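S.K.: Chains as they are written, first to last, in the working numbering: chain A, 906 to 1039; chain B, 35 to 173.
For glycine and all other residues, C-beta sits at the position ideal for the given N, C-alpha and C.
Bear in mind that the values here come from a model prediction, so they are computed numbers and not experimental data.
(1) Does the beta carbon of residue 1012(A) come closer than 8 Å to any beta carbon on chain B?
(2) Please confirm whether residue 172(B) has its beta-carbon closer than 8 Å to some beta-carbon of chain A.
(3) Chain A partners of residue 118(B), CB-CB under 8 Å?
(4) Give the secondary structure of residue 941(A) by DSSP, where H, G and I count as helix, E and B as strand, and everything else as coil.
(5) Only counting the same chain, and skipping five residues up and downstream in sequence, which positions put a Cβ closer than 7 Å to that of residue 136(B)?
(6) Report back the beta-carbon spacing between residue 996(A) and residue 133(B) to the nearest angstrom; my notes put them in contact at under 8 Å.
(7) Considering only the alpha carbon of each residue, which of 1035(A), 1012(A) and 989(A) lies closest to residue 155(B)?
(8) Okay, do the stretch 912-923 of chain A and the stretch 46-59 of chain B touch, 3+ Cβ pairs below 8 Å being the bar?
(9) If you measure beta-carbon to beta-carbon, which residues of the stretch 911-925 of chain A are closer than 9 Å to chain B?
(10) I need the boundaries of the alpha helix (DSSP H) containing residue 95(B), first residue and last residue.
(11) For residue 1008(A) versus residue 955(A), is the C-beta distance shorter than 8 Å?
(12) List the residues that DSSP assigns as beta-bridge partners of residue 907(A).
(13) Does residue 982(A) come within less than 8 Å of chain B when only Cβ atoms are used?
(14) Mind checking who residue 37(B) pairs with in its DSSP beta bridge?
Written as structure tokens, this is what we have:
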């Protein structure tokens, strides 16, 4: 069941990225362009996601176990360290350069866009370097 | 500042679906979704590899299924040079793993948990994204 859930959740997430237009880098850059012509839409993506995920998380986090798995796995790291800040600065810079973050980048593979495919390969290379450095 | 291309309804409905995906994955599989984590664990870790792989396949199948049902074409345009794409891709891949989260992992899952770490990460990458767009708009 775990595997079917993973596939279905991926599909729902991917459709959400398309409908919200997060998958369109121009839309993302428009959101980040607050000093000129600002497109506030993506704030609504976040609001829409949080009004569902936040209450559900807090309703279920103290339950014994998830339906199809032996235990909940919730991040425990609370440290505000250099890695968190430097990593977020790097990510923000890359995000602002093209307008793609990991989810939309992977989803855009379905659109056969050469530019986004190059980005995805570079991104996976970045994942790999980070796994060696950390 | 001018407000342009504002599409609150499609943004909100897409957002609700993303939230639904995060909520279901948590209730059923017990994990909080972070795409950079799922994608990078798929290549560097054996744990949950099949689940991570299937999630990624679902992400890619999403637009195809949407296209089948709605009949709407999905068009994106990226006009950046190859060098810039590679630099940005590496920054996004490396940065999200160093900070353990991206727009989904920190921005949605982390903020849903009211994690201070994630709130700080989200503010940081948004601010740096805004500054980057501001600078690239000048040069």
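M.R.: Taking the geometry as given:
(1) Yes, residue 1012(A) lies at the interface with chain B (some Cβ there is under 8 Å from its Cβ).
(2) Taking Cβ atoms only, chain A never reaches closer than 8 Å to residue 172(B), which makes this a no.
(3) Those within 8 Å of residue 118(B) in chain A are 1002 and 1003.
(4) Here residue 941(A) sits in coil by DSSP.
(5) Excluding five sequence positions before and after residue 136(B), the CB atoms of its chain that fall closer than 7 Å to its own CB belong to 68, 69, 70 and 130, given in chain order.
(6) Correct: roughly 6 Å between the Cβ atoms.
(7) The candidate whose alpha carbon is nearest that of residue 155(B) is 989(A).
(8) Yes, the stretch 912-923 of chain A is in contact with the stretch 46-59 of chain B.
(9) Identification of residues in the stretch 911-925 of chain A having a C-beta nearer than 9 Å to some C-beta of chain B yields 911, 912, 913, 914, 915, 916, 917, 918, 919, 920, 921, 922, 923, 924 and 925, given in sequence order.
(10) For residue 95(B), the enclosing alpha helix (DSSP H) stretches over residues 83-104.
(11) Contact: no.
(12) In DSSP, residue 907(A) forms no bridge with anything.
(13) Residue 982(A) counts as touching chain B.
(14) Paired residues: 943(A).
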